[in-house]
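Step one of this worksheet: look at the structure below.
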Ligand code: LLP
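Residue numbers (this note's numbering): 648 to 1068.
Pasting the structure below:
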């Protein structure tokens, strides 16, 4: 469910025409619908109504502070993986008591900062990390609240590169070492054991892998309790997939996901923590781009647009599918041609789609790449010295640029010439 639709023949975000925004801010740009973001977090919250939950939005999916602010106003917490993301979450008004810190490589500086902020939980991913966190906490006279992220050895996720719960993956502590690690952690003066954490992957489109992982977690909680360990929280991570339109993949509704969890994890009598990212913001964003050329190659016909892989790397990195539609609906009824939709970057992988059936689109026409709100802007780069593109947030009939396009001078401001040049 999202708020992008044709009105009067033109694609709108809520009540604002994307042509209006394009004329104002230039192309390409990301456009987010605030109503869609709010709707998604509310659907997730409603699915767990009556349960003790902390819904910690996974900031990496879309870290714009205004986006986080929308979620903060809905009562969400945050899942962060760096000191920078922690600062963003705090700047957006998320209380430290609703923030969990994940990631395999937290530095001592990041740990010290998170401890001084007073975050809810560190999700610890290895024994050396445990020792470092203990030392940092002791040096500050603090106790770090932790869960171990356990690796359940379950295969999940829409692509090999976004699967994290197999034993070959770098994530989490080994399943068969978990009880020993909990015993060790309990003896450390700077550590306070709070719970168990698991996250198995992203864009997971069926319930079975969640079920396998969560059953293992429930067994572990029982075993830890039998060992005398107090477990008051279980963090089930993120990963619930979304529909990317034409692919035909229809992931379970949050209500079905919640049904599974209520059956397996709710009986544990713990606070349930979730780290959803994609399902909150994915369908709340589109990437709007302008056609530069319609190029007839010797074997294929290319629609060359002004957005590129540096703006949205998901197709190049994971063969991800983003539906492409014209902003002008009149084009939708025209006879179709098969385009390879590509950007201007000098790489063959700078391709958004192959053989896309679209009306012939003249230079200057606008198109939208759908479902671009998650891992779009957040994974962008300035490759080919292309500026990061603006992000626009729509709320009803108004909109605001929530990140503007940098100038060339700003893009190069951090570079310094050595004195021998
Ligand atoms: N928690 C942890 C510990 C994570 O590593 C992630 C995502 C999430 C939560 C949120 O997962 P979500 O609900 O968004 O699936 N760049 C890739 C996705 C990478 C996901 C990384 N971790 C993509 O564009 O598909």
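For each residue, glycine too, the CB sits at the ideal point set by N, CA and C.
Please read all numbers here as calculations on a predicted model, not as lab measurements.
Distances taken from the Cβ of residue 1040 to the heavy atoms of the ligand LLP include none shorter than 8 Å. Listed as beta-bridge partners of residue 942 by DSSP are 949. For residue 684, the three-state secondary structure derived from DSSP is helix. Contact fails between the region 670-685 and the region 894-910, because fewer than three Cβ pairs, one in each stretch, are under 8 Å apart. In the three-state reduction of the DSSP assignment, residue 866 falls in the helix class, which pools H, G and I.
Non-local beta-carbon contacts of residue 997 in its own chain, meaning distances under 7 Å to residues more than five positions away in sequence, involve 955, 956, 963, 989 and 990 in chain order.
Taking each of 733, 742 and 750 in turn and checking the Cα distance to residue 760, the smallest one comes out for 733.
In the displayed model, residue 669 falls within a helix according to three-state DSSP. Contact between the region 699-719 and the region 1035-1051 is present: 3 or more CB-CB pairs across the two stretches fall below 8 Å.
In this structure, residue 970 and residue 893 form a Cβ contact; the two beta carbons are roughly 5 Å apart against a cut-off of 8 Å.
Looking at the DSSP output, residue 999 sits in no beta bridge, so it has no partner there. Not one heavy atom of the ligand LLP lies closer than 8 Å to the C-beta of residue 956. Pairing residue 1031 with residue 958, the inter-Cα distance amounts to about 11 Å. Counting C-beta atoms within 10 angstroms of its own C-beta, residue 926 has 16 or more neighbours from the protein chains shown and is therefore classed as buried.
DSSP, read as helix, strand or coil, puts residue 1016 in strand. Two segments are said to touch when three or more pairs of C-beta atoms, one from each, lie closer than 8 Å; by this definition the region 690-703 does not touch the region 1045-1057. Here the distance from the Cβ of residue 1022 to the nearest heavy atom of the ligand LLP is below 8 Å. DSSP, reduced to helix, strand and coil, places residue 692 within a helical segment of the structure shown. Considering only 1012, 762, 984 and 780, the residue with the shortest C-alpha distance to residue 948 is 984. Within the region 820-864, the runs of alpha helix (DSSP H) that reach at least 4 residues and sit entirely inside it are, in chain order, 825-833. The C-beta of residue 768 has 16 or more other C-beta atoms within 10 Å across all chains shown, which makes the residue buried. Counting C-beta atoms within 10 angstroms of its own C-beta, residue 853 has fewer than 16 neighbours from the protein chains shown and is therefore classed as exposed.
If you check the C-beta of residue 811 against the ligand LLP, you find a heavy atom less than 8 Å away. When DSSP states are grouped into helix, strand and coil, residue 796 belongs to the strand group. In the structure shown, residue 901 falls within a helical segment according to DSSP collapsed to helix, strand and coil.
Straight-line spacing of the CA atoms in residue 993 and residue 1033 works out to 12 Å. With contacts defined as CB atoms closer than 9 Å, residue 774 and residue 749 fail to qualify as a contacting pair. Looking at the DSSP output, residue 678 shares a beta bridge with 933 and 1039. DSSP, reduced to helix, strand and coil, places residue 982 outside both helices and strands of the structure shown, so it counts as coil.
When rounded, the separation of the alpha-carbon atoms in residue 1047 and residue 793 is 39 Å. The three-state reading of DSSP puts residue 769 in strand, counting E and B together.
Annotated three-state conformation of residue 778 is helix, per DSSP. When the beta-carbon positions are compared, residue 839 and residue 884 stay at least 9 Å from each other.
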